[in-house]
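Just so we're aligned, residue 38 is where the sequence shown starts under the working numbering, counting upward by one.
Virtual Cβ for every residue (Gly too), placed ideally from N, Cα, C.
The model shown is predicted, which means the values in this text are computed figures rather than measured ones.
Contents: one structure, followed by commentary.
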Amino acid sequence: MKQTDRNYILKWKKWIPAASAVILLLSALPFLGRLPWFDEVLTIGWLRFDLFRIPFLYNIPNNHIVYTMLLWIWSDAFSRFGADTVPVLRSLSLIGGCGAIFLISRYLLTRCGFFGGICCSFLLAVSGTMSLFSTALRGYAFALLFCFAAFTAADQWGKRRLLDWHGFLYFLFCCLAVGVMPTDLFALEAGALFFLPRFLRSRKDFFHGILLAGIPVISLLLFYAPIFDKLLKASRLREGWSTWTGAYWNLYGTWLFLFLPVIGFALWGAAILWNNHPRLRLRLLCFLLILLLPLLLAVFAQVPPFPRVFFPFFGIWTVILAICLMPFPARTGNLCLRSLPLLFSLLWIVLAGSITPYVSQLLFGPPRCDDLLHSYPVSSIFRPDKTAEAIRKYIGDHSVFIDFDADPPSLSMLLAAGGFPEDRILYDRPDFGRVVRLEPFDLIVCEDSDALEVLRKRFSLEGEYVPVFDAAMQKVYRRKTDLEETDK
38 MKQTDRNYIL
48 KWKKWIPAAS
58 AVILLLSALP
68 FLGRLPWFDE
78 VLTIGWLRFD
88 LFRIPFLYNI
98 PNNHIVYTML
108 LWIWSDAFSR
118 FGADTVPVLR
128 SLSLIGGCGA
138 IFLISRYLLT
148 RCGFFGGICC
158 SFLLAVSGTM
168 SLFSTALRGY
178 AFALLFCFAA
188 FTAADQWGKR
198 RLLDWHGFLY
208 FLFCCLAVGV
218 MPTDLFALEA
228 GALFFLPRFL
238 RSRKDFFHGI
248 LLAGIPVISL
258 LLFYAPIFDK
268 LLKASRLREG
278 WSTWTGAYWN
288 LYGTWLFLFL
298 PVIGFALWGA
308 AILWNNHPRL
318 RLRLLCFLLI
328 LLLPLLLAVF
338 AQVPPFPRVF
348 FPFFGIWTVI
358 LAICLMPFPA
368 RTGNLCLRSL
378 PLLFSLLWIV
388 LAGSITPYVS
398 QLLFGPPRCD
408 DLLHSYPVSS
418 IFRPDKTAEA
428 IRKYIGDHSV
438 FIDFDADPPS
448 LSMLLAAGGF
458 PEDRILYDRP
468 DFGRVVRLEP
478 FDLIVCEDSD
488 ALEVLRKRFS
498 LEGEYVPVFD
508 AAMQKVYRRK
518 TDLEETDK
């Protein structure tokens with residue numbers, strides 16, 4: 038590389054992590070005001086409890102404990118000024134997401150070179166996936182932050198003595214990561230696998246590697262020891278995705294789409310490393326295993342996992358991609374040719390926001406599932422406020438039953454906030470059990486006509502039910518005879 042090129046790169050390199058965080062900030066801002074969906078409403082509900090009760094609220098596998106405690110402190114601080122609104126609450130996740138992007142980008146630029154670092158930093162920052170989880174009232178952004186912070190601490194610790202403060206940092210970030218989600222254990226073990234070739238050099242290094250792999254497990258056991266029975270009980274509820282193939286296609290299909298401009302260059306670079314550097318082949322095999330590690334969860338899981346639980350893998354996967362990009366600029370002759378991945382990435386940044394909803398529907402179908410690319414909570418079909426208006430218009434003195442797939446928490450929160458009696462909002466709940474009876478003229482909210490037929494058989498409802506409000510996933514049905522009498 039010419040000295041002029043090197044000076045030009047060094048001049049801008051230090052600003053890339055901050056620029057990546059700004060890109061995420063600008064991409065995510067339009068989603069700060071969106072209405073809460075199912076799990077987010079549950080998170081808001083936990084804020085009513087005392088801070089130190091939150092670690093014990095784990096009746097279902099939804100409480101991201103460390104994140105919920107951070108959100109409680111954040112909400113309490115702003116509630117003193119009457120500013121604990123949904124956008125303010127979501128801004129905590131945005132801080133976590135920007136922190137994660139900054140940390141990932143800085144590591145990429147330090148370890149993986151300028152071109153790979155800047156391309157992968159910007160592509161991850163502008164992705165719909167980062168915008169989704171960086172504005173979610175859930176702990177995914179902080180899960181990514183803590184898992185990658187543990188990865189960087191592990192990198193530094195591996196270069197030093199066993200009794201070094203980076204080892205304490207590694208333990209701390211492992212505790213925080215599994216405290217957000219127990220499944221973060223897999224991402225932490227992926228980080229340990231990343232450094233496996235380094236720890237095979239000697240017996241001392243091997244013991245260091247054992248500690249690196251063992252500390253995440255110890256952290257999980259220590260953190261959940263007070264509620265281990267609840268954790269096991271929640272794991273047996275068998276909540277998950279619809280199909281195994283659908284879950285993993287959503288995970289890997291989303292990843293390939295996010296980094297499509299550089300995937301070809303990365304495969305080229307991986308081939309160069311394999312052919313020209315035999316000593317790196319073990320490292321490349323470790324990389325492949327890390328990429329396939331989510332598939333191993335199928336051995337332990339009884340149902341297909343939600344793709345979103347693997348979001349913390351995106352940090353280390355981005356590092357692997359950037360490393361595979363390193364041989365490409367080194368093997369080309371001039372700056373223009375070396376800049377091709379960067380040019381393609383910048384073009385992708387311009388297009389990504391507008392094409393993501395269409396690509397998501399093309400790859401994964403309508404946004405009725407909470408997929409990784411363009412989940413229904415950020416799509417135009419998610420309008421529980423309009424559904425709530427229709428319910429108030431047609432309900433009269435009756436009750437409303439909300440089917441599980443129609444996102445009952447989002448609707449019940451809006452109805453209750455508008456003064457609707459909570460005892461007339463019916464849906465199946467883990468704490469109160471299943472609804473056993475409906476009156477003939479109660480409203481029914483469900484996803485589609487097939488779901489309606491299932492409910493009619495379940496509650497032995499007679500007569501014809503017609504939709505009085507037709508949305509993509511929250512259709513409101515009412516008995517036709519009652520509707521006709523109202524019209525008269």
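Counting only the Cα atoms, Arg85 lies some 14 angstroms from Leu126. Between the stretch 249-260 and the stretch 314-325 there are fewer than three inter-stretch CB-CB distances shorter than 8 angstroms, so the stretches are not counted as touching.
In this structure, Glu484 and Asp442 form a Cβ contact; the two beta carbons are roughly 5 angstroms apart against a cut-off of 8 angstroms. In the structure shown, Ile309 adopts helical secondary structure according to DSSP, grouped into three states. The beta-carbon separation of Cys156 and Thr355, rounded to 10 angstroms, does not stay under the 8 angstroms limit for a contact. In this structure, the CA atom of Ile432 is about 16 angstroms from the CA atom of Pro421. When the alpha-carbon of Tyr177 is set against those of Thr220, Ile97, Ala55, the nearest one is in Thr220. In the structure shown, the three-state DSSP call for Val513 is strand. Contact check between the stretch 89-104 and the stretch 257-269: three or more CB pairs, one atom from each, fall below 8 angstroms, which counts as touching. Ile102 and Ser376 have their C-alpha atoms roughly 44 angstroms apart. Looking at Ser239, Val217, Cys211, Cys149, the one whose alpha-carbon comes closest to that of Phe179 is Val217. Secondary structure note for Cys156: its alpha helix (DSSP H) is the uninterrupted segment 151-163. Residue nearest to Pro446 within the set Ile481, Asp76, Gly352, Ser57 is Asp76 (criterion: CA-CA distance). Gly277 places its beta carbon 8 angstroms or farther from that of Val336. Listed as beta-bridge partners of Leu480 by DSSP are Val437. Beta bridge pairing from DSSP links Gly470 with Arg466. Excluding its 5 nearest sequence neighbours in each direction, Ala271 has C-beta neighbours in its own chain below 8 angstroms: Tyr95, Asn96, Ile97, Pro98, listed in chain order. A contact between stretches requires three or more CB pairs, one per stretch, nearer than 8 angstroms, and the stretch 126-138 meets this requirement with the stretch 56-71. When beta bridges are read from the DSSP output, Val503 appears opposite Arg515. Under the three-state reduction of DSSP output, Ala173 falls in the coil class, being neither helix nor strand. When secondary structure is reduced to three states using DSSP, Trp74 falls in the coil class, being assigned neither helix nor strand.
The count of Cβ pairs closer than 8 angstroms, one atom from the stretch 407-415 and one from the stretch 290-307, reaches three, so the stretches are in contact.
In this structure, Leu362 lies near Gly306, with their beta-carbon atoms less than 8 angstroms apart. DSSP places Gly246 in the uninterrupted alpha helix (DSSP H) bounded by 240-261. Rounded to whole angstroms, the separation of the alpha carbons of Val78 and Arg71 is 12 angstroms.
Secondary structure of Lys51 (DSSP, three-state): coil. No Cβ-Cβ contact shorter than 8 angstroms links Thr80 with Leu213. Taking C-beta separations shorter than 6 angstroms and ignoring five residues to either side along the sequence, the partners of Ala389 in its chain run Val163, following chain order. Taking a C-beta distance under 8 angstroms as the contact criterion, Arg516 and Phe457 do not qualify as a contact pair. DSSP places Gly134 inside the alpha helix (DSSP H), whose first and last residues are 123-148.
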